[in-house]
Amino acid sequence: MPFDGVVVKNMVYELSEILIGGRIDKIYQPEYDETLINIRAQGKNLKLVISANASYPRIHLTENTKKNPSTPPVFCMLLRKHLVGGKITEISFHDFERIVVLHIDNIGELGDLTQKKLVVEIMGKHSNVILLNSEDKIVDSIKHIDKDISSVREIMPARPYSLPPVQDKISPKDLDVDSLFENIEDESNRIAKFLLSNIKGFSPLLCKEVCFRSEIEPDTLIKNLSDKDIKNIKIALNNVVEDILSSNFTPCIIWRDPDILKPLDFHCMKITQYQHVEFFDSINNVLDIFYSSKDNIERLTQKKASIFKVLNNGIDRCNKKITIYQDIIRESAERDKYKLFGELITSNIYCIPKNSEKVSLLNYYSNDNEYVEIPLDNNLLPQENAQKYFKKYAKSKTAYAHAKEQLKETYSELEYLESVFHNLENCKTLSEIEEIRQELVLAGYLAAKKKNNNKKNTLKSNPLKYQSSDGLIIYVGKNNVQNDILTLKTASSNDIWLHTKNIPGSHVIIKKEKGDIPKSTLEEAALLAAYHSKAKMSAQVEVDYTTVKNVKKPKGAKPGMVTYVSYKTIFVTPHEELVNKLKKINI
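Structure representation (structure tokens):
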């Protein structure tokens, strides 16, 4: 859990600098386990979010707002009664425990001064927000914990408040590094786990940082550490502890993927073990960006999920239809046999006894003068059997033609749906997902959210824009509607168009200038086409290229679906590092 005791120290330090002396104006509870307090401090209107969410418990200033319920929850109303108009006099924490206390003075109903404490316990699934009176008795809490839930510690109205059980760890302010390593009881323990279980306020991230600075793997067994290793760990640990005690904080976010603002972790100490680390001046900024990014990713995932469901249903339907049509085509392969049976029966109609179950007739179409055995319905006359076979032939012929046509259309639909699926996987913003949703509305796969008779439903798309090593501009479409706009409207007839062969992917355009396209630019554009396709993780991907004038859109074709002629093929293996080296231009 990144919100460790060291981060709490930094947070309390910052909040004290900003909020002490501030007045509580408004209180909201947008989530069942989250409150938002509006505070007027230092001439500014500030918002303090306090969350007891099991996954993301926290306290920090925020720039974000959430929609509030029309009827405030009971806990929200209680906080308003006791805290609105109150003045924050102190913000404290206890010895690197993940507990923050806001001390608030307010005027009571009788005009007397009342003192309240708002306790924020940041402890994973045990997180809570608790209001105490001046005698440290619980007024109420955002989560009620009775004796049936916890026999150790009740959090219920009118109960005296007590701190959670103290961890048997050493506080950084009391830490003697030499003594720590002299009293190791279990040398089979791993070094990072040893630090975590012995030092209060340290998270796994901070323990791994100490190991990284010591050039030691965090999973190394203590018994396998050399004297030099121990010395390096002591030095690194001392440096970290000195920075903590002197409040030498360097708030930062570790990004899993900086392009889509996908955060991995955060801390208030300088983290050097990761590549994508961004440093900030304030831990409040770090937490606000970190959790808003987390929230954004969750919303992206939720938005994508409903569309993925529609696409998966469509893809499954297409695959089932393909199987059915292939079976019809396979069965229809024998249709000429039914025509032959009808003709042979008709030619020998007077030679066939009534009520026959089968007949063997000379096949006069065969050069080998072979006889053909024909099954008959003994309840029908010979001429009726002939008509039955002619009808079966005609029906099979019609079914074959229909199945061939439908199979072609279904393969085309499947190709389209798979291309949309690929594009949706690569969406990095809510607006890009909305473009996909609108595309599926236009294609008839989704219902429109709201009918608007006054405005035409249009998509405003911006493709990705790169500059090749030769200085030429390369465009990459991000969805099918955008691909159509890029290829059919934006590109000139002599520009170069690229696309992966028979694989869903983006349309790529090289803006042609005077002279031939350099080979290096062509390879870079092909690399982009392969990277922005379903073959992203493959090797030796075939990429076709031709001039835009050779690319046509069939009448009635779905977005992004085109045909092309007079093309050449280049083989490339997509690499993210090579793509990242290309200059990306913001549009």
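Using the working numbering, the first residue of the sequence shown is number 999, and each one after it goes up by one. Glycine included, each C-beta is placed from N, C-alpha and C at the ideal position.
Top-ranked residue by Cα proximity to residue i, from the options
i	options	result
ILE1089	LEU1013, LYS1064, GLU1061, MET1121	LEU1013
LYS1301	ASP1023, LEU1428, SER1354, GLY1442	LEU1428
LYS989	ASP1217, ASN1481, GLY1469, ASN1237	The displayed coordinates of the chain run from 999 to 1585. Any statement about residue 989 would go beyond what the structure contains.
VAL1563	ALA1555, LYS1551, PHE1569	LYS1551
GLU1240	LYS1171, LYS1229, ASP1293, TRP1253	LYS1171
LYS1566	PRO1557, MET1535, LEU1520, ALA1555	LEU1520
THR1042	ILE1016, GLU1276, SER1160, THR1063	Here the sequence assigns Lys to residue 1042, which means Thr is not the residue at that position. The shortest C-alpha separation from LYS1042 is found at ILE1016.
LYS1135	ILE1153, VAL1546, LYS1024, HIS1497	ILE1153
CYS1266	ILE1182, LYS1579, LYS1390, GLY1003	GLY1003
GLN1538	PHE1073, TYR1348, THR1498, GLU1296	THR1498
ILE1472	LEU1046, GLY1503, SER1491, ILE1508	ILE1508
MET1009	VAL1560, SER1245, ALA1156	SER1245
ASN1104	ASP1493, SER1518, VAL1082	VAL1082
LEU1440	ASN1478, THR1396, PRO1516	ASN1478
ASN1353	LEU1379, PRO1572, ASP1138	LEU1379
LYS1532	HIS1420, ASP1325, VAL1005	HIS1420
Continuous alpha helix (DSSP H) stretch holding residue i: start and end
i	result
ILE1242	1225-1243
LYS1590	Not covered by the structure: residue 1590. The range shown for the chain is 999 to 1585.
SER1149	Element bounds for SER1149: n/a, residue is neither H nor E.
LEU1486	Here LEU1486 belongs to no alpha helix (DSSP H), and DSSP marks it neither H nor E.
THR1270	Counting along the chain, THR1270 falls outside any alpha helix (DSSP H), and DSSP gives it neither H nor E.
ALA1555	ALA1555 -> no alpha helix (DSSP H), and no H or E assigned at all.
LYS1534	Note, LYS1534: premise wrong, no alpha helix (DSSP H); not H, not E.
ILE1431	1428-1440
Exposure label - residue i; buried when at least 16 CB within 10 Å
i	result
LYS1454	Note that LYS1454 scores 46 on pLDDT, short of 50, meaning its location in the model is unreliable; the coordinates nonetheless yield the value given after this. LYS1454 is exposed by the Cβ-count criterion.
TYR1363	exposed
THR1456	Reliability fails at THR1456, whose pLDDT of 47 lies under 50, so the model's placement of it is uncertain and no value is given.
ILE1583	exposed
ASN1452	Low confidence applies to ASN1452: its pLDDT is 46, below 50, so where it sits in the model is not reliable enough to give any reading.
ARG1096	buried
ASP1286	buried
ARG1435	buried
ASN1500	exposed
SER1609	Look at the range of the chain in this structure, 999 to 1585, and you will see that residue 1609 is not part of it.
GLN1480	buried
ASP1279	exposed
SER1160	exposed
ASN1020	First, the amino acid is wrong: residue 1020 is Gly here, not Asn. Looking at its Cβ environment, which holds 16 or more other Cβ atoms inside 10 Å, GLY1020 is buried.
ILE1025	buried
SER1394	buried
PHE1001	buried
GLY1469	exposed
GLU1522	buried
ASP1482	buried
ALA1052	exposed
Residue range of the unbroken beta strand (DSSP E) whose run includes residue i
i	result
SER1139	1136-1139
VAL1541	1539-1545
SER1586	Absent from the structure is residue 1586, since the part of the chain shown begins at 999 and ends at 1585.
ASN1578	That residue, ASN1578, is in no beta strand (DSSP E); its alpha helix (DSSP H) goes 1574-1579.
HIS1101	1097-1105
VAL1570	1566-1570
TYR1159	From DSSP, TYR1159 is part of no beta strand (DSSP E); its letter is neither H nor E.
LYS1114	1111-1119
THR1498	1494-1498
LEU1462	1462-1465
LYS1123	Segment: none, LYS1123 is in no beta strand (DSSP E) and carries neither H nor E.
Nearest-angstrom beta carbon gap, residue j and residue i [assumed within contact, 8 Å]
i	j	result
ILE1251	VAL1284	6 Å
PRO1071	GLN1027	5 Å
ALA1050	VAL1150	Rounded, the Cβ-Cβ distance is 18 Å, inconsistent with contact.
THR1485	TRP1495	6 Å
ASN1282	HIS1101	With 8 Å as the limit, ASN1282 and HIS1101 do not qualify as a contact, their Cβ atoms being about 19 Å apart.
LEU1359	ASN1346	5 Å
LYS1260	ILE1295	6 Å
LEU1525	TYR1464	Not confirmed; about 10 Å, so no contact.
PRO1369	ASN1361	Here residue 1369 turns out to be Tyr, not Pro, going by the sequence shown. So it is a contact: roughly 7 Å between Cβ atoms.
SER1186	LYS1221	6 Å
ILE1231	ILE1214	7 Å
GLU1207	ILE1143	At roughly 34 Å, the Cβ-Cβ gap does not stay under 8 Å, so GLU1207 and ILE1143 are not in contact.
VAL1549	ALA1528	18 Å between Cβ atoms; not a contact.
Any non-hydrogen atom of the ligand MG within 6 Å of residue i CB
i	result
HIS1400	This structure does not include the ligand MG; it has no bound ligands of any sort.
Next item on the list: Could you tell me which uninterrupted alpha helix (DSSP H) segments, each at least 4 residues in length, are contained entirely in the stretch 1165-1206, listed from first to last along the chain?
Entry: 1175-1180, 1189-1196
Note to self: Suppose only complete runs of 4+ residues qualify. What are the alpha helix (DSSP H) ranges in the stretch 1056-1091, listed by chain order?
What the structure shows: 1072-1081
Check: In the stretch 1289-1354, which residue ranges form an unbroken alpha helix (DSSP H) of at least 4 residues, counting only runs that do not cross its ends?
Finding: 1333-1345
Item checked: Sequence ranges, beta strand (DSSP E) only - wholly within the stretch 1010-1055, length at least 3 -> 1021-1029, 1032-1039, 1042-1049
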